[in-house]
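Numbering (this note's numbering), first residue to last: 2 to 122.
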């Protein structure tokens, strides 16, 4: 599937070598998939105006114990707490489904699985 014919789609999506469509969006947590939400500002007179709630994203360097290297990710503070609660980046990635993870995080998860399989063998 290519996005060359439709410029509106091409702006928000890209194709990868496996011919799958990948979302390209800023303001999305690479670990939890949290993104922006739309809501209302409500005045004292109950007038509603549209607004956007953005996730609290931080550029964080996390250490992968299996790969013995550091990785820089754009993570929400909620995602960072979840990583710490699960005992580190490796445990979090192995427990989390691929649909929530960014492409970078999925590649990291694949590398961790390969490394752990090589150590176990």
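C-beta: ideal position from N, C-alpha, C; glycine also.
Sequence-distant residues of the same chain with beta carbon closer than 7 Å to residue 68, five excluded per side
As a position in the chain shown, residue 68 is number 67, starting the count at 1. These residues qualify, in order along the chain: 112, 113, 116.
Range covered by the beta strand (DSSP E) that runs through residue 74:
Position 73 of the chain shown holds residue 74. Start and end: 70-77.
Once you ignore the five residues that flank residue 34 on each side, which residues in its own chain have a CB closer than 7 Å to its CB?
For the purposes of this step, residue 34 is taken as residue 33 along the chain shown, with counting starting at 1. Only 101 meet the Cβ criterion.
Counted within 10 angstroms of its Cβ, other Cβ atoms place residue 91 as buried (16 or more) or exposed:
Start at 1 with the first residue of the chain shown, and residue 91 comes out as number 90. Buried, since its Cβ has 16 or more Cβ neighbours within 10 Å.
Unbroken alpha helix (DSSP H) run spanning residue 63, endpoints
Counting from one through the chain shown, the residue named residue 63 turns up at place 62. Run containing residue 63: none in the alpha helix (DSSP H); it sits in the beta strand (DSSP E), 58-65.
Which of the three DSSP states, helix, strand or coil, is assigned to residue 114?
Counted from its first residue, the chain shown places residue 114 at position 113. Correct three-state label for residue 114: helix.
Rounded to whole angstroms, what is the Cα-Cα separation between residue 73 and residue 95?
Start at 1 with the first residue of the chain shown, and residue 73 comes out as number 72. Start at 1 with the first residue of the chain shown, and residue 95 comes out as number 94. Whole-angstrom Cα-Cα distance: 18 Å.
For a test of the three-state rule: what should DSSP assign to residue 52, helix, strand or coil?
Counted from its first residue, the chain shown places residue 52 at position 51. It is a strand residue.
Integer-rounded CB distance, given that residue 106 should sit under 8 Å from residue 55:
By 1-based counting over the chain shown, the position of residue 55 is 54. By 1-based counting over the chain shown, the position of residue 106 is 105. In fact, because the Cβ distance is near 20 Å, the residues do not count as touching under 8 Å.
In three-state terms, what does DSSP make of residue 41?
As a position in the chain shown, residue 41 is number 40, starting the count at 1. Looking at residue 41 - three-state DSSP - the assignment turns out to be strand.
Please work out which residues of its chain come closer than 6 Å, Cβ to Cβ, to residue 62, disregarding the five sequence neighbours upstream and downstream, and give them in chain order.
Within the chain shown, the letter at position 61 stands for residue 62. Once the five neighbours on either side are set aside, the close Cβ partners of residue 62 are 71, 73.
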